[in-house]
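Notes for the one structure printed next.
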Amino acid sequence: MKKLKFAVIAAALSMTFAANAQSKYGATPEDSTACISSVALYQSFYKAQDYDGAYEPWRQILEHCPKYSKAVYQKGETIMKHMINHAENETQRNAYIDEMMHMYDLRVENFGETGKVMCMKANMLSTLRPNDVKTIYEIYEAAIKTDPKSVDENYVTLFFKATVDYVKSGLGDPTLVIDNYDIASELLENIIDQVADDTVKVAKISGYINNVEAVFSPYASCDQLIEIYQKKFDADPKNVDLLKKITNIMIKKHCTENSLFFSATENLYELEPSPTTAMQMGQMCFGKKQYGKAIEYCQDAVKSLTEKKDLYRAYLVLGLSYNGQNSYSAARNALLKAAEIDRTKGEPYLAIAQVYASSTRSIDDGMGGRSAYWAAVDECRHAKSVEPTDEIARMADKLIGIYSGYFPKKNDAFMLDLIDGHSYVVPGWIGKSTIIRTR
80 MKKLKFAVIA AALSMTFAAN AQSKYGATPE DSTACISSVA LYQSFYKAQD YDGAYEPWRQ
140 ILEHCPKYSK AVYQKGETIM KHMINHAENE TQRNAYIDEM MHMYDLRVEN FGETGKVMCM
200 KANMLSTLRP NDVKTIYEIY EAAIKTDPKS VDENYVTLFF KATVDYVKSG LGDPTLVIDN
260 YDIASELLEN IIDQVADDTV KVAKISGYIN NVEAVFSPYA SCDQLIEIYQ KKFDADPKNV
320 DLLKKITNIM IKKHCTENSL FFSATENLYE LEPSPTTAMQ MGQMCFGKKQ YGKAIEYCQD
380 AVKSLTEKKD LYRAYLVLGL SYNGQNSYSA ARNALLKAAE IDRTKGEPYL AIAQVYASST
440 RSIDDGMGGR SAYWAAVDEC RHAKSVEPTD EIARMADKLI GIYSGYFPKK NDAFMLDLID
500 GHSYVVPGWI GKSTIIRTR
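Residue 354 in the numbering used here is what sits at position 275 of the sequence shown, and the numbering runs on without skipping anything.
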């Protein structure tokens with residue numbers, strides 16, 4: 080009697096939902112009836128944590144009404160993990176894994192979020208079949224390239240790790256690591272730009288950036304980059320896409336003082352002159368210590384650049400080039416402009432520290448300009464607070480160690496009535512308030 084009553088209710092409901100037959104409740108009245116009865120059973124079993132019982136009605140929902148609810152797919156992960164973990168043999172386990180992978184495809188088909196869901200699929204496969212390196216990478220690659228905006232930042236790091244595993248397995252060329260490093264780091268930089276005012280999120284994403292940098296480290300030396308790209312450049316020196324890859328990665332990894340970077344930059348500027356390539360020419364000239372030309376190129380570039388990261392880089396190089404000409408105030412102004420453009424970067428403050436340290440001869444403080452080193456160390460510490468990454472910390476700590484060695488001796492400071500811990504304004508063009516420190 081109960082079964083008959085349930086069938087009557089299901090039939091009545093299928094008529095009620097007929098208007099929605101093409102969407103949530105399936106494509107036909109029969110689908111609607113099967114959907115409603117399956118949903119009731121699945122929810123009852125799932126609530127009781129009887130995943131064996133929930134499995135079959137859950138499958139029926141995917142077959143008859145795959146648009147019913149996103150929650151069906153989310154809870155489907157729990158059901159399928161249970162079935163996989165309790166499979167009777169390897170053949171059955173693999174069949175369940177394949178079914179779970181199909182579940183992710185159905186979710187994309189019916190609810191979108193391609194990048195996010197396909198990354199979930201790849202991550203799950205890496206847990207269930209870690210040796211299937213090829214498929215794991217291909218799913219991540221498709222997700223990142225098809226729908227990068229929906230990809231969560233934690234999956235960006237997993238995508239890059241999958242890239243390295245793919246290459247290490249002999250399935251890809253080492254250049255793929257560099258290409259995908261560029262993609263991964265740019266995605267994370269874009270995300271960090273969007274949350275720049277949220278220090279907690281910035282710190283979290285900075286951690287992901289550190290993870291990517293750590294994985295990339297074995298491939299990141301300038302010598303290795305030159306070894307990888309020199310042959311490609313020699314074989315096709317007019318390939319614009321290749322030239323962009325070479326110049327971008329070498330700028331990012333601070334490998335701008337070698338002939339490959341110079342040649343690639345000049346060819347790119349010749350083939351595709353633009354504000355961006357003008358900025359790269361400025362970077363090249365800076366590397367050659369041609370500071371006047373670097374300033375000209377960068378000044379030209381900042382007039383028309385629209386991309387935040389390129390504008391930031393142009394002002395950074397402009398500031399360093401002014402410093403090369405001992406134009407300290409102009410250097411600081413340009414570097415502060417870079418810091419204003421990207422408030423998540425510590426690099427401009429490290430550069431300002433170097434400007435201060437370069438200008439000691441211009442500071443009349445009775446100590447040979449040594450007070451400039453106090454201001455320089457302050458900037459290094461500020462850089463670490465702005466961008467708490469391992470790379471910035473290493474660079475800052477190295478500079479702090481160097482500059483601290485130039486602090487005035489305690490006796491020399493005492494003769495000038497200067498006492499450790501007291502406030503002090505660095506004279507001359509620096510004009511910064513700081514704290515007295517001796518060695």
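Glycine included, every Cβ here is placed at the ideal spot set by N, Cα and C.
**Study point:** Tyr485 - containing alpha helix (DSSP H), residue span
**Key:** Where Tyr485 is concerned, there is no enclosing alpha helix (DSSP H), given that its DSSP letter is neither H nor E.
Point to revise | Buried/exposed call for Ile374, threshold 16 Cβ in 10 Å | key: Per the 10 Å Cβ criterion, buried.
Review point. Grouping DSSP H, G and I as helix and E and B as strand, with all else coil, what is Tyr503?
Key: strand
**Study point:** Best match in Glu217, Asp313, Asp258 and Val274 for proximity to Ala299 [C-alpha to C-alpha]
**Key:** Asp258
Review point. Looking at Leu397 and Pro354, is the spacing between their C-beta atoms short of 7 angstroms?
Key: no
Practice item. List the endpoints of the continuous beta strand (DSSP E) containing Leu513. Key: Strictly speaking, residue 513 in this sequence is Thr, with Leu absent from that position. Thr513 -> beta strand (DSSP E) spans Ser512 to Ile514.
Check your understanding: Buried or exposed: Gln153, going by 16 or more other Cβ atoms within 10 Å of its Cβ?
Key -> exposed
Exercise for review: Tell me where the alpha helix (DSSP H) around His181 begins and ends.
Suggested key: Glu169 to Phe190
Review point. Apart from the five residues just before and just after Val274, which ones in its own chain have a Cβ nearer than 8 angstroms to its Cβ?
Key: Lys280, Val281 and Ile284
Check your understanding: Of the residues Ile330, Arg392, Lys332 and Trp453, which one's Cα is nearest the Cα of Gly480?
Key -> Trp453
**Study point:** Cβ pair Asp379, Ala410 closer than 7 angstroms
**Key:** no
Practice item. Let me know the secondary structure DSSP gives Ser464 once reduced to three states. Key: helix
**Study point:** Any alpha helix (DSSP H) of 4 or more consecutive residues that is wholly inside the region 201 to 230
**Key:** Unbroken alpha helix (DSSP H) stretches of 4 residues or longer found wholly inside the region 201 to 230: 212 to 225, given in chain order.
Exercise for review: Could you check if Lys511 is buried or exposed, using at least 16 other CB atoms within 10 Å of its CB as the buried criterion?
Suggested key: buried
Review point. Of the residues Lys372, Ala393 and Lys388, which one's Cα is nearest the Cα of Lys382?
Key: Ala393
Check your understanding: When you compare each of Gly484, Gly366, His501 and Leu415 to His461 by their alpha carbons, which one comes out closest?
Key -> Leu415
Review point. Who are the Cβ neighbours of Asn189 in its own chain at under 6 angstroms, not counting the five residues just before and after it?
Key: Pro145 and Lys146
Practice item. Label His165 either buried or exposed according to how many other C-beta atoms from any shown protein chain fall within 10 Å of its C-beta, with 16 as the threshold for buried. Key: exposed
**Study point:** Endpoints, the alpha helix (DSSP H) within which Ser285 is located
**Key:** Thr278 to Phe295
Exercise for review: Would you mind stating whether Phe486 and Arg518 have Cβ atoms separated by less than 7 angstroms?
Suggested key: yes
Practice item. Would you check if the distance between the CB atom of Leu204 and the CB atom of Leu141 is smaller than 7 angstroms? Key: no
Exercise for review: Could you tell me the boundaries of the alpha helix (DSSP H) in which Lys398 lies?
Suggested key: Per the sequence presented here, residue 398 reads as Gly, with Lys not at that position. Lys387 to Gly403 is the extent of the alpha helix (DSSP H) around Gly398.
**Study point:** Rounded Cβ spacing between Val230 and Lys200 (contact assumed at less than 8 angstroms)
**Key:** About 12 angstroms; that fails the 8 angstroms criterion.
Review point. Leaving out five residues before and five after Asp110 in sequence, what residues of the same chain have Cβ atoms less than 8 angstroms from its Cβ?
Key: Ala100, Tyr104, His143 and Cys144
Exercise for review: Measure from the alpha carbon of Ala263 to the alpha carbon of each residue in Thr236, Glu217 and Ser123, then state which is nearest.
Suggested key: Thr236
Practice item. State the Cα-Cα distance for the pair Gly425 and Val434, rounded to the nearest angstrom. Key: If you take the alpha carbons of Gly425 and Val434, they lie about 15 angstroms apart.
Practice item. Count the other CB atoms, across all protein chains shown, that sit within 10 Å of the CB of Glu349; report buried if there are 16 or more and exposed otherwise. Key: exposed
Exercise for review: Label Phe493 either buried or exposed according to how many other C-beta atoms from any shown protein chain fall within 10 Å of its C-beta, with 16 as the threshold for buried.
Suggested key: exposed
Point to revise | Cutoff 6 angstroms; reference His161; Cβ partners in own chain excluding five residues on either side | key: Leaving aside the five residues that flank His161 on each side, the residues in its chain whose CB is nearer than 6 angstroms to its CB run, in chain order, Tyr130.
Check your understanding: Of the choices Phe239, Asp491 and Glu466, whose alpha-carbon is the least far from that of Asp444?
Key -> Per the C-alpha coordinates, the member of Phe239, Asp491 and Glu466 positioned closest to Asp444 is Asp491.
Check your understanding: Is it buried or exposed for Lys240, if we count other Cβ within 10 angstroms and need 16 for buried?
Key -> The residue in question, Lys240, is buried, as its Cβ has 16 or more Cβ neighbours within 10 Å.
Check your understanding: By Cβ distance below 7 angstroms, which residues in the same chain neighbour Ser502 in space, the five residues on each side in sequence not counted?
Key -> Ser512 and Ile514
**Study point:** Same chain only: Cβ atoms within 7 angstroms of Met329, ignoring 5 sequence neighbours per side
**Key:** Leu304, Thr335 and Phe340
Practice item. Classify Pro427 as helix, strand or coil using the three-state DSSP reduction. Key: helix
Point to revise | Residues near Glu292 in its chain [Cβ-Cβ closer than 6 angstroms; skip 5 each side] | key: none
Review point. Which residue's Cα is closest to the Cα of Ser248: Thr225, Asp211, Glu268 and Leu267?
Key: Asp211
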